[in-house]
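Residues 1 to 333 (the UniProt record's numbering) are what the sequence shown spells out, left to right. Structure, as structure tokens:
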Amino acid sequence: MEDKNQEVILEMKDLSISFFNKSGEIQAVRGINYTLHKGEVLGIVGESGSGKSVSSHGILRLTPDTGKVKTGEILFHGKDILKMNKKELQELRGNKIAMIFQDPMTSLDPLFTVEYQLNESLKKHTNLDAVARKARMIELLTLVGINQPERRIKQYPYEFSGGMRQRVMIAMALSCDPELLIADEPTTALDVTIQAQIVELLKELKDKLGMAIIFITHDLGVVSEICDKIIVMYAGKVVEEGMSRQIFYERCHPYTEGLLASVPKLDSDVSEKLKPIKGNPPDMSAVKPGCAFAPRCSCAMKICVREEPPECELDETHKASCWQVIKKAMQNT
Ligand SMILES: Nc1ncnc2c1ncn2[C@@H]1O[C@H](COP(=O)(O)OP(=O)(O)OP(=O)(O)O)[C@@H](O)[C@H]1O
Ligand SMILES: [Mg+2]
């Protein structure tokens with residue numbers, strides 16, 4: 001639950017990131033804002049290419065050289081990460097914020113055993129001696145639900161199934177006892193049952209360790225179980241933001257509606273047909289005026305293709321950027 005008494009740990013303020021190549025500028029992230037409290041779980045949801053990874057990589061300053069932060073601040077305990085020096089950044093990456101990347105095989109080195117890789121991570125991020133590190137490794141693997149950790153630690157990543165590899169990745173991320181864990185589509189490559197197990201695991205870990213989590217996914221169904229609040233991204237912007245229940249039961253942006261209709265719902269009838277959103281996300285190297293979703297939106301009005309909708313505050317925690325929402329709000333006043 002959003003708890004106003006809890007300390008704010010991360011504040012994203014008007015972050016914009018663009019990539020520059022021969023054909024011009026790709027506006028990957030266009031002015032996003034959000035706040036994360038201690039121990040809170042934030043879901044970032046949106047179709048492929050909506051800017052989920054680029055904005056989150058920005059938190060660890062992992063934007064590639066071809067990318068540029070055009071505007072904004074990313075405050076961690078009030079300090080702008082974008083202005084941190086090398087030493088502060090190292091401290092942040094190693095001990096405060098950890099990330100699980102989209103593809104575990106790109107983050108685990110196939111040439112080394114899990115023990116070697118976990119040990120290296122612990123050496124880098126802690127002052128533990130060899131004996132304590134070994135104990136910590138076993139503890140971490142047990143924590144993420146890997147049976148017979150003493151035996152499995154000697155194995156190579158390819159000897160683990162997809163779900164187990166993801167658990168190893170999570171163990172690695174936890175090795176520095178982070179205050180914030182960023183999980184970038186940690187379940188995309190997994191089947192539905194394993195996906196649910198990983199989400200359950202993260203939920204348990206959050207309760208046990210009290211860390212905040214940013215959970216990135218394109219599947220709104222996946223986050224329903226774990227998130228306190230959710231931001232919905234489209235074409236580099238946040239189009240709707242709310243507490244989990246507001247997004248599931250009081251959503252008002254047609255894009256959020258479309259996302260929910262395209263994934264199986266927990267309470268839905270099996271015979272209910274899934275409806276994918278028609279059309280494709282816009283080309284971010286040629287951003288047009290108006291609402292970026294307008295060409296795919298069944299309720300688009302004339303103004304939608306002409307003018308970008310401002311953010312409309314429905315209540316303290318629920319916001320949406322949509323002309324239809326603004327129209328309805330005006331009719332009700
Ligand atoms: N290194 C890069 N160079 C140029 N463009 C990039 C680069 N990385 C990302 N982009 C572009 O930035 C936009 C946002 O990409 P991002 O990876 O954040 O999407 P995403 O929401 O994480 O999608 P997915 O669900 O597929 O992971 C996309 O249009 C993408 O093509
Ligand atoms: Mg991504």
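Virtual Cβ for every residue (Gly too), placed ideally from N, Cα, C.
Which listed residue (the options) has its alpha carbon closest to that of residue i
| i | options | result |
| --- | --- | --- |
| GLY43 | ARG165, GLU159, THR66, ARG245 | ARG245 |
| LYS154 | THR187, ALA294, TYR116, MET211 | TYR116 |
| TYR249 | LYS229, ASP177, LYS237 | LYS229 |
| VAL168 | LYS134, LYS206, PRO178, LEU118 | LEU118 |
| THR142 | LEU128, MET172, THR113 | MET172 |
| ARG296 | HIS253, MET211, LEU314 | HIS253 |
| VAL32 | SER48, LYS38, LYS52 | The residue you asked about is not Val; residue 32 is Ile in the sequence shown. Nearest of SER48, LYS38, LYS52 to ILE32, Cα basis: LYS52. |
| VAL29 | VAL8, VAL69, THR35, VAL45 | VAL69 |
| ILE182 | GLU316, ASP207, GLU120, ILE97 | ILE97 |
| ASP80 | GLU11, GLU185, LYS328 | GLU11 |
| ILE231 | ASP315, GLU225, GLU241 | GLU241 |
| ILE146 | GLY290, GLY162, PRO64 | GLY162 |
| MET62 | LEU92, GLY49, LEU122, PRO289 | The amino acid occupying residue 62 in the given sequence is Leu; Met does not appear at that position. For LEU62, the nearest C-alpha among the options comes from LEU92. |
| LYS275 | TYR255, GLU185, LEU108 | TYR255 |
| ILE170 | ILE100, LEU82, GLU257 | ILE100 |
DSSP three-state assignment for residue i, whether helix, strand or coil
| i | result |
| --- | --- |
| TYR234 | strand |
| ILE81 | helix |
| ASN95 | helix |
| PHE76 | strand |
| MET1 | With a pLDDT of 47 at MET1, under the threshold of 50, the modelled position of that residue is not reliable, and no figure is offered here. |
| SER285 | coil |
| ASP184 | strand |
| HIS218 | coil |
| ILE9 | strand |
| LEU42 | strand |
| VAL263 | coil |
| SER175 | coil |
| MET243 | strand |
| LYS273 | coil |
| GLN102 | coil |
| LEU15 | strand |
| LEU314 | strand |
| ARG30 | strand |
| ILE213 | strand |
| VAL144 | coil |
| GLY67 | strand |
| PHE20 | strand |
| ALA189 | coil |
| GLU308 | coil |
| ASN332 | coil |
| LEU201 | helix |
| GLU47 | coil |
| HIS253 | coil |
| ALA320 | strand |
Ligand 2 heavy atom lying under 7 angstroms from the CB of residue i
| i | result |
| --- | --- |
| THR219 | Looking at the sequence provided, one finds Asp at residue 219 rather than Thr. No, the Cβ of ASP219 stays beyond 7 angstroms of every heavy atom of ligand 2. |
| GLU185 | yes |
| GLN102 | yes |
| SER53 | yes |
Rounded separation between residue i and residue j - CA only
| i | j | result |
| --- | --- | --- |
| VAL199 | THR193 | 10 angstroms |
| TYR234 | PHE20 | 20 angstroms |
| LYS13 | PHE76 | 11 angstroms |
| VAL222 | GLU311 | 26 angstroms |
| ASP129 | GLY94 | 17 angstroms |
| ILE59 | LYS203 | 22 angstroms |
| GLN324 | GLU308 | 12 angstroms |
| THR35 | VAL8 | 7 angstroms |
| SER321 | ILE74 | 22 angstroms |
| GLU316 | HIS37 | 15 angstroms |
| ALA292 | LEU314 | 21 angstroms |
| LEU180 | THR126 | 17 angstroms |
| GLU139 | ASP177 | 13 angstroms |
| MET1 | PHE112 | With a pLDDT of 47 at MET1, under the threshold of 50, the predicted position of this residue should be treated as unreliable, though the coordinate-derived value follows. Whole-angstrom Cα-Cα distance: 40 angstroms. |
| ASP219 | GLY46 | 8 angstroms |
| LYS302 | ALA212 | 41 angstroms |
| ASP283 | PRO110 | 35 angstroms |
| LEU205 | LYS327 | 43 angstroms |
| GLN6 | ILE214 | 16 angstroms |
Residue i Cβ short of 7 angstroms to ligand 1 heavy atom set
| i | result |
| --- | --- |
| PHE19 | yes |
| SER262 | no |
| SER48 | yes |
| ALA28 | yes |
| MET12 | no |
| THR66 | yes |
| MET284 | yes |
8 angstroms contact criterion, which residue i and residue j should meet: CB distance rounded
| i | j | result |
| --- | --- | --- |
| SER16 | THR71 | 4 angstroms |
| GLY49 | PRO281 | 5 angstroms |
| CYS304 | GLY290 | 6 angstroms |
Heavy atom of ligand 4 within 7 angstroms of residue i beta-carbon
| i | result |
| --- | --- |
| ASN119 | Inclusion of ligand 4 in the displayed structure is not the case, the ligand content consisting of ligand 1 and ligand 2 alone. |
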